[in-house]
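Notes follow the structure.
Residue numbers (this note's numbering), protein chains in the order written: chain A, 1 to 257; chain B, 258 to 271.
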């Protein structure tokens with residue numbers, strides 16, 4: 001028996017919008033720790049890891065570990081039917097091939113339930129060890145989204161380089177080139193507008209912008225994004241979900257031929 | 258030129 005009640009149901013709506021374009025089908029794992037997912041895109045270039053910790057739910061009952069295969073497209077369709085202020089409850093019985101999403105309006109005058117078919121999915125889990133990153137950039141998520149969108153109109157790839165001067169995003173396309181430098185800005189009055197660069201070593205890596213723009217769909221989840229870079233490692237783009245967990249995207253860099 | 262890396266080139270399945 002599984003029963004998870006989330007008063008701030010809009011978080012789940014935003015999570016689905018943040019991952020459904022990258023991954024079509026995925027197994028959601030439910031355990032005492034929380035509600036989680038790890039999935040790769042179909043070309044195995046990018047990976048998304050989601051964690052919603054059990055403590056973040058108003059009610060969390062998960063009698064045994066469960067892995068439930070879902071079409072993220074269909075799950076997003078169902079969650080779109082929930083109001084932004086609705087309380088969302090996820091329910092599943094042991095051995096059932098369906099999951100139920102219940103939406104309650106804040107005043108309890110409207111209650112809806114949507115039952116969705118589960119599916120069998122063969123998924124490949126990767127072990128991602130904790131790593132020390134050479135550079136960690138924290139910046140406003142909206143700024144990062146804007147940069148990826150702008151550069152995506154000019155080129156297909158972005159070169160991200162972190163030096164003592166700041167973080168530089170560069171691209172090159174048929175019409176020309178673009179460079180955007182963001183300097184450290186430890187805005188004390190407005191921490192959500194700060195850009196903070198922790199650098200052990202200068203690092204330069206190249207990534208496909210298409211994926212970065214897909215990651216930026218998580219922008220409504222967090223005011224800040226953390227970008228962790230090391231040469232020879234996938235970049236980690238993390239959006240923290242307040243009090244609950246995170247959505248992390250891993251993207252393999254472009255490598256020399 | 259650069260080639261697109263794959264997650265399997267960096268992390269192991271378990």
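Where a beta carbon is used, it is the ideal one built from N, C-alpha and C, also for glycine.
Here residue 164/A has 199 and 202 as same chain residues with Cβ atoms under 8 Å from its own Cβ, once five neighbours each way along the sequence are excluded. Residue environment for residue 38/A: buried (at least 16 other C-beta atoms within 10 angstroms of its C-beta). For residue 81/A and residue 92/A, the gap between their C-alpha atoms comes out near 19 Å. The closest CA to that of residue 243/A, considering only 145/A, 161/A, 54/A and 90/A, is found on 54/A.
The beta carbons of residue 77/A and residue 221/A sit no closer together than 9 Å. Between residue 206/A and residue 240/A, the C-beta gap is not smaller than 9 Å, which leaves the two residues out of contact. In the structure shown, residue 40/A adopts extended strand secondary structure according to DSSP, grouped into three states. Interface annotation for the region 103-124 of chain A against chain B: 124, criterion Cβ-Cβ distance under 8 Å. In this chain, the alpha helix (DSSP H) harbouring residue 10/A covers 10-19. Just so you know, the alpha carbons of residue 88/A and residue 108/A end up roughly 12 Å apart.
According to DSSP, residue pairing for residue 269/B in a beta bridge involves 127/A.
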